[in-house]
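Let me begin by presenting the structure, written as structure tokens, before commenting on it.
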Amino acid sequence: MEYADDLLKESNEYKKYNEFNNVNIPNDYESSFNDALKMEPSNNIIKDICGKLAGNLKNISQSTESAKNNEQKCAYLHFWLYDNISRNFENNDRIKDITENITDGWINYNHIISNENCSIRFSSDINLKKWIEGKFLHDYFKNFDYLKKTYGFNDYKCEEYSKYISHINILYKNYKNIYYYSYDINRHLLSYSSEIYDPTKLISELQ
210 MEYADDLLKE SNEYKKYNEF NNVNIPNDYE SSFNDALKME PSNNIIKDIC
260 GKLAGNLKNI SQSTESAKNN EQKCAYLHFW LYDNISRNFE NNDRIKDITE
310 NITDGWINYN HIISNENCSI RFSSDINLKK WIEGKFLHDY FKNFDYLKKT
360 YGFNDYKCEE YSKYISHINI LYKNYKNIYY YSYDINRHLL SYSSEIYDPT
410 KLISELQ
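Add 209 to the 1-based position in the sequence shown for this note's numbering, that's all there is to it.
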């Protein structure tokens, strides 16, 4: 979404995505992601995504943190992955196949490293676009306090902020229909059902 990266880049919650980009890539991942890698052998973007995904799965599998913290990391990893696929392959006619082959690689690699902390949440009947919408909502909820504290009517980014909140409001209305997003997406959003997160309240503060 336009403006989201710029508005949230200094938030500690949003910076968690950076951790997924700065991971050590393991040496044993390529066979698990073979179907994805051979789709476009000269495309280093697919290789980079698969390698970083494998590195993050290995980190989560070795994590000694609580189950709740690992679940949150796993949620972030899902949104990180689908965001990267969308950004890089939005106009690629094979984006559905690319997505499915990468997520199949996730399953394969999890089996190799015996990762029970982060199973893949994706099926071919789920629209990737809804996962991206889910990411926008997830990031809005996670950064709600940061947004309220950082931006306002007199801020030099007021126009960006206003447009961002207006777009979030559209997604929020969809979110209030419990059947709009699948359970695999909604499970990361349900704890933010309180009306305090209603974007219209932030919009009214700008008027």
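Glycine included, each C-beta is placed from N, C-alpha and C at the ideal position. As the structure is a prediction and not an experimental result, all values here were calculated from the model.
Check	Outcome
At which residue ranges does the stretch 228-305 contain complete alpha helix (DSSP H) runs of 4 or more residues, listed in the order of the chain?	243-246, 253-270, 276-298
May I have the straight-line CA-CA distance separating Asp354 from Leu290, to the nearest angstrom?	25 angstroms
Output the distance between the C-alpha atoms of Lys358 and Asn317, rounded to the nearest integer angstrom.	43 angstroms
Are there 16 or more other CB atoms within 10 angstroms of the CB of Tyr388, so buried, or fewer, so exposed?	exposed
Between the beta-carbon of Tyr360 and the beta-carbon of Leu217, is there less than 8 angstroms?	no
Whole angstroms are fine: how far does the CA of Lys267 sit from the CA of Arg396?	23 angstroms
Just to confirm the assignment, what range does the alpha helix (DSSP H) spanning Asn378 have?	367-384
Check whether the stretch 232-244 and the stretch 302-317 touch, using three or more Cβ-Cβ pairs below 8 angstroms as the test.	yes
With distances taken from CA atoms, which of Cys259, Asn324, Arg303 is nearest Ile311?	Cys259
Kindly list the residues whose CB is nearer than 6 angstroms to the CB of Pro235, restricted to its own chain and excluding five residues on each side of it in sequence; keep chain order.	Ala263, Gly264, Lys267
Between Lys261 and Leu399, what straight-line distance do the alpha-carbon atoms span, to the nearest angstrom?	28 angstroms
Here's the rule I'm using: 16 or more other beta-carbon atoms within 10 Å means buried, otherwise exposed. How should Pro250 be labelled?	exposed
Assuming contact is defined by CB atoms lying nearer than 8 angstroms, are Asn326 and Cys283 in contact in what I supplied?	yes
Below 8 angstroms CB to CB, which residues in the same chain sit around Asn279 once its five sequence neighbours on both sides are set aside?	Ile269, Ser272, Asn326, Cys327
For Ile307 and Ala276, what's the separation of their Cα atoms in angstroms?	30 angstroms
Between which two residues does the alpha helix (DSSP H) holding Leu217 run?	213-217
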